[in-house]
Amino acid sequence: MQERLRKATQLQYESVELCDRLTGYKIIFEDALTTWFTAMSGSGISGIVKKRKSSETGIVLEIFGWQVELRTKTVAYGGEIGDIALLLDFVHAGDDQDVSVYKAWINKDGWLGDSHGTFSRHQFKAPSAIETLMQMAALGIYESPLMQVGIGKPQPKGCMEIF
1 MQERLRKATQ LQYESVELCD RLTGYKIIFE DALTTWFTAM SGSGISGIVK KRKSSETGIV
61 LEIFGWQVEL RTKTVAYGGE IGDIALLLDF VHAGDDQDVS VYKAWINKDG WLGDSHGTFS
121 RHQFKAPSAI ETLMQMAALG IYESPLMQVG IGKPQPKGCM EIF
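The letter at position 64 of the sequence shown is residue 64 when you use our numbering, and the numbering goes up by one with no holes.
This is the structure we're talking about:
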């Protein structure tokens, strides 16, 4: 019984330490993202993905004319106890419901990842990783129902005319 209590207490301390680390990652990531947008200033993918403002729930971006909020939260992932990550969720807040268009995460060791395997050993604050993250978010919007215009359907607001 004593051993189980000791392990539970140790796991609690490790979890608090990991949550603090991920909170630090969140602050570092937001600063790196702001620095990246300033450095890129409208070139490359930052011509499509624009930072608008920071809100209480996340950073508001504009992708293909759609407002997308980058929300972060600490989540459990993987099969191991204590595997937690900082989820980076790109969400379009619609009239009816929020639509998640792309998700990535920063694991406890500071590596960026997503379900597509896009990032192979990228540190989350590296400019190349942030650029790839913004490209994947733009692809997420492009492939989402927001951008799907079919025959006989009205064109949703936020789509661009290309001529």
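Using N, Cα and C, we set each Cβ at its ideal position, and we do this for glycine too.
According to DSSP, residue i sits in a beta bridge with which residue or residues?
i	result
His-122	Leu-112
Ala-138	Answer by DSSP bridge pairing: none, since Ala-138 is not bridged.
Asp-95	Answer is none; Asp-95 lacks a bridge partner.
Ile-84	Ala-76
Ile-106	Leu-86 and Leu-112
Assuming residue i contacts residue j (C-beta within less than 8 Å), just tell me the rounded distance between them.
i	j	result
Thr-74	Cys-19	6 Å
Glu-30	Ile-63	So it is not a contact: roughly 17 Å between Cβ atoms.
Ala-126	Val-101	Actually they are not in contact, since the Cβ atoms of Ala-126 and Val-101 sit about 23 Å apart, beyond 8 Å.
Tyr-25	Leu-86	5 Å
Ala-93	Asp-83	Actually they do not touch by this definition, with Cβ atoms about 29 Å apart.
At the level of alpha carbons, what is the spacing between residue i and residue j?
i	j	result
Gly-158	Asp-109	Any reading at Gly-158 must be qualified, since the residue scores a pLDDT of 47, below 50, and its modelled position is unreliable; no value is offered.
Asp-89	Met-1	40 Å
Leu-5	Ala-129	41 Å
Lys-51	Leu-61	4 Å
Glu-38	Trp-105	This sequence places Thr at residue 38; Glu is not what is there. Rounded to the nearest angstrom, the two C-alpha atoms are 23 Å apart.
Glu-3	Gln-10	10 Å
Ile-151	Val-16	Since pLDDT at Ile-151 reaches only 42, below the 50 mark, its modelled position is unreliable, and no value is offered.
Gly-44	Leu-146	23 Å
Gly-47	Ser-41	8 Å
Leu-133	Trp-36	12 Å
Val-49	Gln-12	39 Å
Compute the minimum distance between the beta carbon of residue i and the heavy atoms of the ligand GTP, and state whether it is under 6 Å.
i	result
Tyr-142	Although the ligand GTP was asked about, the structure shown includes no ligands whatsoever.
Quiz item: Could you give the uninterrupted runs of the beta strand (DSSP E) lying entirely in the stretch 39-81, keeping only those of 3 residues or more?
Solution: Entirely contained in the stretch 39-81, the beta strand (DSSP E) runs reaching 3 residues are, in chain order, 49-54, 59-63 and 66-76.
Practice problem: Tell me, please, whether the stretch 109-119 touches the stretch 90-97 by the rule of three or more beta-carbon pairs shorter than 8 Å. | Solution: Contact between the stretch 109-119 and the stretch 90-97 is absent, because fewer than three Cβ pairs lie under 8 Å.
Self-check item: Contained beta strand (DSSP E) runs [length at least 3] in the stretch 2-42, N- to C-terminal order
Solution: You should have found no qualifying run.
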